[in-house]
Each structure stands twice: as structure tokens, then as C-alpha cells.
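Engineer: In my numbering, each residue carries its 1-based index in the sequence shown increased by 225. For every residue, glycine included, the Cβ atom is placed at its ideal position computed from N, Cα and C. Nothing here was measured: the structure is a model prediction, and the numbers come from that model. Take a look at this one; I'll ask things after.
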Amino acid sequence: MKTNAVIIPSCGANLASLRFALDRLGANVPLTEDHARIRAASHVILPGVGAAAPGMARLAAAGLVDLIPTLTQPVLGICLGMQLLFASSEEEQTRCLGVIDAEVRRMPASPDLPVPQMGWNELEPVGQSALLTGVPSGAYVYFVHSYAAPAGDYTRALTTYGRPFSAVIEQGNFFGTQFHPERSSRVGARILENFLTIVS
Numbered sequence: 226m227k228t229n230a231v232i233i234p235s236c237g238a239n240l241a242s243l244r245f246a247l248d249r250l251g252a253n254v255p256l257t258e259d260h261a262r263i264r265a266a267s268h269v270i271l272p273g274v275g276a277a278a279p280g281m282a283r284l285a286a287a288g289l290v291d292l293i294p295t296l297t298q299p300v301l302g303i304c305l306g307m308q309l310l311f312a313s314s315e316e317e318q319t320r321c322l323g324v325i326d327a328e329v330r331r332m333p334a335s336p337d338l339p340v341p342q343m344g345w346n347e348l349e350p351v352g353q354s355a356l357l358t359g360v361p362s363g364a365y366v367y368f369v370h371s372y373a374a375p376a377g378d379y380t381r382a383l384t385t386y387g388r389p390f391s392a393v394i395e396q397g398n399f400f401g402t403q404f405h406p407e408r409s410s411r412v413g414a415r416i417l418e419n420f421l422t423i424v425s
């Protein structure tokens, strides 16, 4: 697969696993924080792990807080990277990138449903999204997270863990998965492949 995609590594993540998953699709996707390379890319992937405030601090240090919301090509946020596309996170009352006007909130814990959610859970598609082409309702994907985005007009798939939350989002050219597609077997590979074939 020929692509001019890039990965923004600022927010940390298992970048090796993501690159291996993309390599298996025939896509050699480099890491970069260079503004010109990001603007020129055909697709941009923003993975992330950890807490919202340090993630935003790393983006700020790289000068990317103002750049990312202005991108016009397809952008995919993964896990924390998806959460940072929202206006804010309840985690330490963090102001985020503001692409989507909603707040990410801590998931409710219970004896039967510990937080963070760690493991496989089902996707329930909502409407249509190019990201989910060929992905059936009930497909399992792999999650590791304590915070989640509520359902909204941007939601393209829900997952329920105590209560429903947005597992896949789409607004304009911005997409997001709360789960890790690079750790979600064939379903995750299909989602990554779908993303790389979206035309802006």
C-alpha cells in the first residue's frame, strides 16, 4: 500500500506495535513532529497512552496544539490520541485540542467492572463510517483506558462498559478509536487499512 502517512509520536504509545501493524499492510509510516511534513502528509495518525495533561504538554512542547486542529487531511486519533481531539478531559480538568465540542469523562467503576477497562469488548456501529467498512456489528477490539467520550453526533460506534461510550468517532476529516487497532487482530488491521484508503 503506497501512502504518504505519518505518525505524530508526541503522546507516547506502543509505537513499535503500531508501525508493525502498518508494515503488515505494506505501509511504511514514519514518525515525525516536523510541521511541514505533517501538513504535507496524506494521512496523520495521533496515537497516545497515559494521562491527558502530560499528553497535551508534549504536544505543546512540539508546537502542535495549534497545528493539529487545522489539518485538512484524514487524521486518526488512537486511545489518548482520540481523547485529545475533544474540547476537554475531566482528568485533571485538562483543556484539549477542541476539534470536537465535548468532554471526556472518567468511567464509572464497580466491583464487577474495574477501571481501567483492560481487554476485549464489542463494537456496536452507529450510522456509517468509512473507518468501519467491512467491520461487522459485535466485532471485538482491545481496550486499555480509564476515561471515555460520551455518545454524540460524532459517534460511529459504541461500546458498553457499565454505560455506553464512544468507541469510534468521526467529525469531518477527524477520526478516532478509543481502542488500539494495532492490538485488535484482523478487525484492527481492517480499520487501519480503511483509514489509509480514505481520500480527503
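Between Trp345, Ser314, Val231, Phe245, which lies nearest to proline 279 when the distance is taken from Cα to Cα?
Structural biologist: As a position in the sequence shown, residue 279 is number 54, starting the count at 1. Closest option to proline 279, Cα to Cα, is Ser314.
Engineer: Pull up the CB-CB distance for methionine 343 and tyrosine 386, whole angstroms please, since I reckon it's below 8 Å.
Structural biologist: Along the sequence shown, one-based indexing puts residue 343 at 118. Along the sequence shown, one-based indexing puts residue 386 at 161. Methionine 343 to tyrosine 386, Cβ: 10 Å. No contact.
Engineer: Alpha carbon to alpha carbon, how far is asparagine 229 from alanine 312?
Structural biologist: To locate residue 229, count along the sequence shown from 1; it is residue 4. To locate residue 312, count along the sequence shown from 1; it is residue 87. Going from the Cα of asparagine 229 to the Cα of alanine 312 covers about 28 Å.
Engineer: Using a 10 Å radius around the Cβ and a threshold of 16 neighbouring Cβ atoms, would you call glutamine 318 buried or exposed?
Structural biologist: One-based indexing of the sequence shown puts residue 318 at position 93. With fewer than 16 Cβ atoms within 10 Å of its Cβ, glutamine 318 is classed as exposed.
Engineer: Counting along the chain, where does the alpha helix (DSSP H) carrying histidine 260 start and finish?
Structural biologist: Residue 260 sits at position 35 when you count from the first residue of the sequence shown. Its alpha helix (DSSP H) spans residues 260-265.
Engineer: Nearest-angstrom Cα distance between glycine 377 and isoleucine 325?
Structural biologist: In the sequence shown, the residue the question calls residue 377 occupies position 152. In the sequence shown, the residue the question calls residue 325 occupies position 100. C-alpha separation (whole angstroms): 10 Å.
Engineer: Using a Cβ-Cβ cut-off of 7 Å (strictly less than) and excluding sequence neighbours within five positions of glycine 237, which residues of its own chain qualify?
Structural biologist: The residue labelled residue 237 in the question sits at position 12 within the sequence shown. Gly273, Val274, Gly275, listed in sequence order.
Engineer: Could you tell me the boundaries of the alpha helix (DSSP H) in which alanine 414 lies?
Structural biologist: Locating residue 414 in the sequence shown gives position 189, counting from the first residue. Note, alanine 414: alpha helix (DSSP H), 410-421.
Engineer: Check whether the stretch 300-310 touches the stretch 336-351, taking contact to mean three or more Cβ pairs, one atom from each stretch, closer than 8 Å.
Structural biologist: No: the two stretches stay apart, fewer than three of their Cβ pairs being nearer than 8 Å.
Engineer: If you draw a straight line from the C-alpha of histidine 268 to the C-alpha of leucine 247, how long is it?
Structural biologist: Counting from 1 along the sequence shown, the entry for residue 268 is found at position 43. Counting from 1 along the sequence shown, the entry for residue 247 is found at position 22. Answer to the nearest angstrom: the Cα atoms are 13 Å apart.
Engineer: Along the chain, where does the beta strand (DSSP E) that runs through glutamine 396 open and close?
Structural biologist: Translated into the one-based positions of the sequence shown, residue 396 becomes position 171. Counting along the chain, the beta strand (DSSP E) containing glutamine 396 begins and ends at 388-396.
Engineer: Rounding to the nearest angstrom, what Cα-Cα distance links asparagine 217 and glutamate 407 in this structure?
Structural biologist: Within the shown structure, residues of the chain are numbered from 226 to 425, placing residue 217 beyond reach of any answer.
Engineer: Compute the beta-carbon to beta-carbon distance between alanine 355 and asparagine 419, rounded to the nearest angstrom, for a pair I have assumed lies under 8 Å.
Structural biologist: One-based indexing of the sequence shown puts residue 355 at position 130. One-based indexing of the sequence shown puts residue 419 at position 194. That pair is a contact at about 6 Å.
Engineer: For the beta strand (DSSP E) that contains leucine 301, what are its first and last residues?
Structural biologist: Within the sequence shown, numbered from 1, the residue matching residue 301 stands at position 76. Run containing leucine 301: 300-304, per the beta strand (DSSP E) assignment.
Engineer: Do leucine 256 and leucine 301 have their C-beta atoms within less than 8 Å of each other?
Structural biologist: As a first step, residue 256 must be located in the sequence shown, where it is residue number 31. As a first step, residue 301 must be located in the sequence shown, where it is residue number 76. No.
Engineer: With DSSP as the reference, identify every bridge partner of asparagine 346, one or two as the case may be.
Structural biologist: In the sequence shown, counting from the first residue as 1, residue 346 sits at position 121. DSSP lists Val366 as partners of asparagine 346.
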